[in-house]
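**Q** Can you read through this structure? Questions will come right after.
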Amino acid sequence: MLPFFGRWNLHTGLAIAGIIAPIMLITGDLSAGIASPGYSLLANSISSLALTNIGWLQTIGFLALGLLVEIFTAGLLFNIKGARLFYLGIAVFVFFGFAMLLIGAFRTDPVGVERTIEGRIHGLTAQAAFIFFPAALLFLLPSIKKDPNWLKLYRYTGVTFILAVILIIVIRVIQEPNSVFGLMERLLVVNMILWVEVAAINLFIISLKRKAKAQPVLPPTNEDY
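Residue 21 is where the sequence shown starts when you use the numbering used here, and the numbers rise one by one after that.
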């Protein structure tokens, strides 16, 4: 039996990137939100947090999320047995990660002021990211169902897809400013990054099994007796 860390490999590293990604965003969002006077985690949008004095914490969270999701996507590519639409799903997931990077790089405009180019880029990218994620899950579902190592995530992935669609519609209806806009937007983001977390943990487990199977079983020697 290999020591725990002795079973780590490239795929383990890709999984760890996915595990860390949601933690980085949640830490930045909560830290900056709680520490910013007058900011409401329930009413204010996630993006508007970047306009506060310590909004850079959340900016780092989005940049880290985007970069780490791109790395984690490689883990999905190499560890799921592809069925129909698999590569399209992987491609859309790559676009989702890139969108997270752009959301962090370009700040939103304050509510009620004239739109800037930076704010427009942020807004359009955020809308695209919300669409990319459920689309990627929809394309990946057949492959998740087909692969025995991922089958246990099939129903959860389907539920995540449905919740994402519902929350996207809710956010489009209520719009900002609204007393619960921030809450609804955070539920949408949590729904997305929680799937990344669960999938990354599953990939981590798969990577350890891969290493264990690859290790040859040596015949006993005289010293073993």
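A virtual CB, placed ideally from N, CA and C, is assigned to each residue, including glycine.
Among Arg-230, Phe-224, Leu-228 and Lys-229, which residue has its Cα nearest to the Cα of Ile-36?
**A** Residue Phe-224 is the option with its Cα nearest to Ile-36.
**Q** From Gly-48, Thr-180 and Val-200, pick the residue whose C-alpha is nearest to that of Leu-161; which is it?
**A** Taking only the C-alpha atoms, the option nearest Leu-161 is Thr-180.
**Q** Can you list, in chain order, the stretches of the alpha helix (DSSP H) that have 4 or more residues and sit fully within the stretch 117–189?
**A** Runs of the alpha helix (DSSP H) inside the stretch 117–189: 137–166.
**Q** Exposed or buried, Ala-55, counting other C-beta atoms within 10 Å across all chains shown (16 or more means buried)?
**A** Looking at its Cβ environment, which holds fewer than 16 other Cβ atoms inside 10 Å, Ala-55 is exposed.
**Q** Does the separation of the CB atoms of Ser-51 and Leu-88 fall below 7 angstroms?
**A** No, the Cβ-Cβ distance between Ser-51 and Leu-88 is not below 7 angstroms.
**Q** Whose CA, out of Ile-221, Ile-151 and Phe-152, lies closest to the CA of Ile-43?
**A** The shortest Cα separation from Ile-43 among Ile-221, Ile-151 and Phe-152 belongs to Ile-221.
**Q** Tell me the residue span of the alpha helix (DSSP H) that contains Trp-76.
**A** Per DSSP, Trp-76 belongs to the alpha helix (DSSP H) from 76–99.
**Q** Using CA atoms only, rank isn't needed, just tell me which of Met-204, Arg-175 and Thr-177 is closest to Ile-188.
**A** For the residues Met-204, Arg-175 and Thr-177, the minimum Cα distance to Ile-188 belongs to Met-204.
**Q** If I'm right that Phe-159 touches Val-112 with Cβ under 8 angstroms, what's the distance once you round it to whole angstroms?
**A** With 8 angstroms as the limit, Phe-159 and Val-112 qualify as a contact, their Cβ atoms being about 6 angstroms apart.
**Q** Using the beta-carbon count (16 or more within 10 Å), is Pro-130 buried or exposed?
**A** It counts as exposed.
**Q** What is the C-beta distance between Gly-124 and Gly-86, in whole angstroms, given that I count them as a contact (C-beta under 8 angstroms)?
**A** Indeed they touch by this definition, with Cβ atoms about 6 angstroms apart.
**Q** Flag this pair as yes or no: are the beta carbons of Ser-67 and Thr-128 separated by less than 7 angstroms?
**A** It is a contact, given that the beta carbons lie within the stated cut-off.
**Q** Closer than 8 angstroms by C-beta to Asn-211: which residues in its own chain qualify, once you throw out the five before and the five after it? Chain order, please.
**A** For Asn-211, where only same-chain residues beyond five positions count, the Cβ hits under 8 angstroms are Thr-180, Leu-183, Ala-184 and Leu-187.
**Q** Check this for me: beta carbons of Gly-38 and Phe-92, under 7 angstroms apart or not?
**A** Their beta carbons are under 7 angstroms apart, which means Gly-38 touches Phe-92 by this criterion.
**Q** Leaving out five residues on either side along the sequence, give the residues of the same chain with a beta carbon under 6 angstroms from the beta carbon of Ala-70.
**A** Closer than 6 angstroms at the Cβ level, and outside the excluded window around Ala-70, lie Gln-78, Thr-79 and Arg-127.
**Q** Under three-state DSSP, which class holds Leu-61?
**A** Three-state DSSP puts Leu-61 in coil, outside helix and strand.
**Q** Quick one: grab the DSSP three-state call for Val-216.
**A** Val-216 falls in the helix class under three-state DSSP.
**Q** Checking 7 angstroms against the spacing of the C-beta atoms, do Met-120 and Phe-82 come in under that value?
**A** Taking 7 angstroms as the Cβ cut-off, Met-120 and Phe-82 qualify as a contacting pair.
**Q** Looking only at C-alpha atoms, which of Gly-53, Ala-41 and Ala-63 sits nearest to Gly-75?
**A** Of the listed residues, the one whose Cα sits closest to Gly-75 is Gly-53.
**Q** Measure the C-alpha to C-alpha separation of Asn-64 and Phe-150 and round it to an integer number of angstroms.
**A** Computed Cα separation, rounded: 18 angstroms.
**Q** Taking Ser-51 as part of the alpha helix (DSSP H), name the residues at either end of that continuous run.
**A** Its alpha helix (DSSP H) spans residues 30–55.
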